[in-house]
Structures are given as C-alpha cells and as structure tokens.
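Following: one structure in structure tokens, then a few remarks.
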Amino acid sequence: MVPVTGPPPVLAVGAAAIDEWYAVSNLPEPDGGAFASEVTSAFGGVGANVSVALDRLGRDVGLVSRVGDDEYGERAREYLADTGVDASRVSVGDDPSTRSVILSDPAGERAIVTAGESFRRLQLDEADREALAATETVFVTGYAPDAVSRTVLDVVESAADPPALAFDLSGSVEELVGRGTEPETIHRYLHTADLFVADDVAAAAYFGGAEAAREHVAAAQRAREGDGRSPSTRDGWPRAVLTHGADGMTVVAAGAVTEFDAFDVDVVDATGAGDSFVAGLIDRWIAGDGGDGPRRERVGVADGVRFAAAVAAINCTSRFAQTGLPARGEVEAFLAERGL
Numbered sequence: 001m002v003p004v005t006g007p008p009p010v011l012a013v014g015a016a017a018i019d020e021w022y023a024v025s026n027l028p029e030p031d032g033g034a035f036a037s038e039v040t041s042a043f044g045g046v047g048a049n050v051s052v053a054l055d056r057l058g059r060d061v062g063l064v065s066r067v068g069d070d071e072y073g074e075r076a077r078e079y080l081a082d083t084g085v086d087a088s089r090v091s092v093g094d095d096p097s098t099r100s101v102i103l104s105d106p107a108g109e110r111a112i113v114t115a116g117e118s119f120r121r122l123q124l125d126e127a128d129r130e131a132l133a134a135t136e137t138v139f140v141t142g143y144a145p146d147a148v149s150r151t152v153l154d155v156v157e158s159a160a161d162p163p164a165l166a167f168d169l170s171g172s173v174e175e176l177v178g179r180g181t182e183p184e185t186i187h188r189y190l191h192t193a194d195l196f197v198a199d200d201v202a203a204a205a206y207f208g209g210a211e212a213a214r215e216h217v218a219a220a221q222r223a224r225e226g227d228g229r230s231p232s233t234r235d236g237w238p239r240a241v242l243t244h245g246a247d248g249m250t251v252v253a254a255g256a257v258t259e260f261d262a263f264d265v266d267v268v269d270a271t272g273a274g275d276s277f278v279a280g281l282i283d284r285w286i287a288g289d290g291g292d293g294p295r296r297e298r299v300g301v302a303d304g305v306r307f308a309a310a311v312a313a314i315n316c317t318s319r320f321a322q323t324g325l326p327a328r329g330e331v332e333a334f335l336a337e338r339g340l
C-alpha cells in the first residue's frame, strides 16, 4: 500500500495477528482435556480488530503495528490490504509473527494463548510519532510494549493540539509483564486518557477488584479537573468503562458511576467482543461527526454505550473476531428493533 500524505483521523497501535481457532467441547481445567471438532484460522489482534471494526463503521482509520517476515505476517498484510484500513504503518521484522491459539467452547466462551515476537518488538520511528501527533484520535492496547505505550503518551502530552487518547487495558497485569504496558505506564494512562477501558480480569489484576476499580477511576478523574490538558470533568469527560461480559458494563464519567446492561443475543463466539465494543465507543464518543470540530460532537454516555454494546453483540453472533463486525446501518437497525 502506498503511504498517504497525512495520517487518517484515527490511528490504532496494536497487533495484527492470525488466530488459530479450535472449536472445543469444553475449556479444559488444569490437567484436563478437550476435543476440538474443528480447527481453522482467522484474522485477529487487538489493533487490527479495533481498526477493522472502525473501518466497517465507515471511519477512516490506520494501524501502527509490526508483523514477521513469514507466512503469518504475509497473510495478515494481504488481509489488511483488502480492507479500508491504512496499513502503511505496519512494519515487517525478521522475527516470528504474533499469532494466537483460541479455544472456543459451545457457549462462545474462550481461552487465548499468544505467541510470536513481532509485535512485542515494535518500535515507533519519527514518522510514526509525527503521525500520532497529527491525527485526531489515538487508540492503544495494553498489549503494546511498554516503551511504545510510553512514547505514545509522550507524543500526546507534548502535541500542540493533542489527539484524543483511548486506552484499553486488554489483559491481566501478570500477562502483560515483559511484553505489554507496565503498571506505572498504565497509571499514566489512567490519569491522561480521554477513554480508559478495562474488563473484569484486567480490573481485578490492576485495581484489586470491581469496587476498587470504580473508586480509583473516579478519584483519578476528579483529580484531573482543571489540569490544563484533559477535558473538563464538568462536561462529562474523561470517561472510563469497566466491562463485565454478558453482565453489562460500568461507566465512570467525570467521577459519576452508571451501570448498563449488555444486549441478550445468541452468542456463537465471544472472541473480539471487547475490541468491537471499544471501537463502538471510539466511533460514538471520540471520533464525533467527522466535521471541522469532530470532538465537539461527542454523544452522551448512554447513547455511546448502547451503540458500542450493539456492535459487540452483533459481532458475537458470528465466529471469529472480525467476521461479524457490523456496518453502521446494521447497528442502527439492531437498536431500532429494540426501541432505541
């Protein structure tokens, strides 16, 4: 793909990977086993999942990533070339491509094991840093190497016109040690990001539990009022979402806590549900109307959560992380059917 002259309005920093998918009879306990009735492969990686989800919603989005010079990396690049995602900032290294083994049971629950060094060795060059400073919205996953996460923060904090910043604490702290964003850097994101997202596993590992997470996030938001860079807590920013799978989500906006239900659908595969949810939040809360002042048109808390939850629910009704990602019209029809 020929590099573009300027960055798209949204840039995601995260992995583009191949998922090796096993449809298993059950998720095995320690020393237990399972039978795989089907083994196949699909496209994934948090960065690619969020980027492709935003592309399906009609957003102009680019991906900053790194793949290996091998079969997996070639397949990932060929797949991205068939989407609307700007992959001109996906570099190629000589180490094994990042890839995941996903065990998915009949209820759609899954376990994921990731291997490959390519994304873990991502480094941001000067062109990447300039693009991040010049874009309107930056998304970073907690799986990003700590040096990359810190560089993104430095770029955003020093930019003359800072882009909006969304951060997803995608895994437990123990899982991230040595390959992802470290606790000290996560703390910086908590006090800097416009949107901070964490699932139950991540919240328990980093904050010590759901209640502690709500308290810490609210306190961090209140402490940011009037700091000169962050959106004012008086107009409902910053925002954080703690996700609980089928049990819904908790939104902390300007220190105020609100609970929301998830949509009830027949789950086929929950892989990528969290990533598609984050993409929906970015679309409705951060990217705005795409006009001259995109971030001035951010929608309210409830509208954004319902839209994002619909994106995730629709995606869960298909197998794999990206196959079921909906277009905007599908999301609107889904909500209309439910009187929303």
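Just so you know, full-length UniProt numbering puts the end of the sequence shown at 340, numbered straight through with nothing missing.
For each residue, glycine too, the CB sits at the ideal point set by N, CA and C.
Keep in mind it's a predicted model, so treat the numbers as computed, not measured.
Taking 9 Å as the threshold (C-beta atoms), are residue 274 and residue 199 in contact? Between residue 199 and residue 274, the C-beta spacing is below 9 Å.
Residue range of the unbroken alpha helix (DSSP H) whose run includes residue 184: Bounds of the alpha helix (DSSP H) holding residue 184 are 183–190.
In three-state terms, what does DSSP make of residue 38? In the three-state scheme derived from DSSP, where H, G and I count as helix and E and B as strand, residue 38 is classed as strand.
Looking only at its chain, what residues have a beta carbon closer than 7 Å to the beta carbon of residue 152, apart from the 5 residues adjacent to it on each side? Taken in chain order, the residues that qualify are 13, 132, 138 and 140.
Enumerated in chain order, which unbroken segments of the alpha helix (DSSP H) with a length of 4 residues or greater are wholly contained in the region 51–85? You should have 71–81.
Reduced DSSP category for residue 233 - H, G, I as helix; E, B as strand; rest coil: For residue 233, the predicted structure reports a pLDDT of 49, less than 50, and the residue's modelled location is therefore unreliable. A value from the coordinates is still provided. In the displayed model, residue 233 falls within a helix according to three-state DSSP.
Would you mind stating whether residue 278 and residue 308 have Cβ atoms separated by less than 9 Å? Going by C-beta atoms, residue 278 is nearer than 9 Å to residue 308.
Going along the chain, which residues of its own chain have a beta-carbon closer than 6 Å to the beta-carbon of residue 72, five neighbours each way excluded? Excluding five sequence positions before and after residue 72, the CB atoms of its chain that fall closer than 6 Å to its own CB belong to 18, 97 and 99, given in chain order.
Apart from the five residues on each side of it in sequence, which residues of its chain come closer than 6 Å, Cβ to Cβ, to residue 232? The predicted model places residue 232 with a pLDDT of 48, which falls under 50 and marks its position as unreliable, so this point remains unresolved.
Residues that DSSP places opposite residue 21 in a beta bridge: Beta-bridge pairing links residue 21 to 40 and 102.
Looking at C-beta atoms only, is the number of pairs between the region 79–90 and the region 235–244 that lie closer than 8 Å three or more? Verdict: no, contact absent.
Should residue 341 and residue 179 be called a contact, given that it needs their Cβ atoms to be closer than 9 Å? In the structure displayed, the chain extends from 1 to 340; residue 341 sits before or after that span and is not available.
Whose CA, out of 24, 94, 54 and 148, lies closest to the CA of residue 101? For the options 24, 94, 54 and 148, the alpha carbon positioned closest to that of residue 101 is the one of 24.
Cβ-Cβ distance between residue 164 and residue 196 below 9 Å: Taking 9 Å as the Cβ cut-off, residue 164 and residue 196 do not qualify as a contacting pair.
Alpha-carbon to alpha-carbon, residue 114 and residue 46: Residue 46 and residue 114: Cα-Cα distance of roughly 12 Å.
Given residue 147, which residues of its chain have a CB within under 6 Å of its CB, disregarding the five upstream and five downstream residues? Cβ within range, chain order: n/a, list empty.
How is residue 91 classed by DSSP in three states: helix, strand or coil? DSSP places residue 91 in strand when its eight states are reduced to three.
Could you check what DSSP says for residue 331 in three-state terms: helix, strand or coil? Here residue 331 carries a helix assignment [DSSP, helix/strand/coil].
Helix, strand or coil: which one does DSSP assign to residue 27? Coil.
Taking 9 Å as the cut-off, decide whether the C-beta atoms of residue 322 and residue 44 are in contact. Going by beta carbons, residue 322 and residue 44 fall inside the 9 Å limit.
Pick out whichever of 325, 271 and 276 has its Cα sitting closest to the Cα of residue 110. Closest in C-alpha terms to residue 110, from the list 325, 271 and 276, comes 271.
Please state whether the Cβ-Cβ distance between residue 310 and residue 334 is less than 9 Å. A Cβ-Cβ contact shorter than 9 Å links residue 310 with residue 334.
Provide the residue span of the beta strand (DSSP E) that contains residue 117, from first to last. From DSSP, residue 117 is part of no beta strand (DSSP E); its letter is neither H nor E.
Check for me: the alpha helix (DSSP H) holding residue 151 runs from which residue to which? Start and end: 146–158.
DSSP puts residue 259 in a beta bridge; with which residues? 250.
Is residue 202 closer than 9 Å to residue 210 when the C-beta atoms are compared? Not a contact, by the Cβ cut-off of 9 Å.
Option in 112, 107, 78 and 66 with minimal Cα separation from residue 95: The residue among 112, 107, 78 and 66 with its C-alpha nearest the C-alpha of residue 95 is 66.
Rounded to the nearest angstrom, what separates residue 314 and residue 170 at their Cα positions? Roughly 20 Å between the two C-alpha positions.
For residue 8, does the three-state DSSP call read helix, strand or coil? For residue 8, the three-state secondary structure derived from DSSP is coil.
How should residue 251 be labelled, buried or exposed, when 16 other C-beta atoms within 10 angstroms of its C-beta is the threshold for buried? Residue 251 should be labelled buried.
Below 8 Å on the Cβ atoms is my contact criterion, and I expect residue 143 with residue 15 to pass it. Report the Cβ-Cβ distance as a whole number of Å. Under the criterion of beta carbons closer than 8 Å, residue 143 and residue 15 qualify as touching, at roughly 6 Å.
Let me confirm a value: residue 326 is counted as buried when at least 16 other C-beta atoms fall within 10 Å, else exposed. Which label applies? Buried, because 16 or more other Cβ atoms sit within 10 Å of the Cβ of residue 326.
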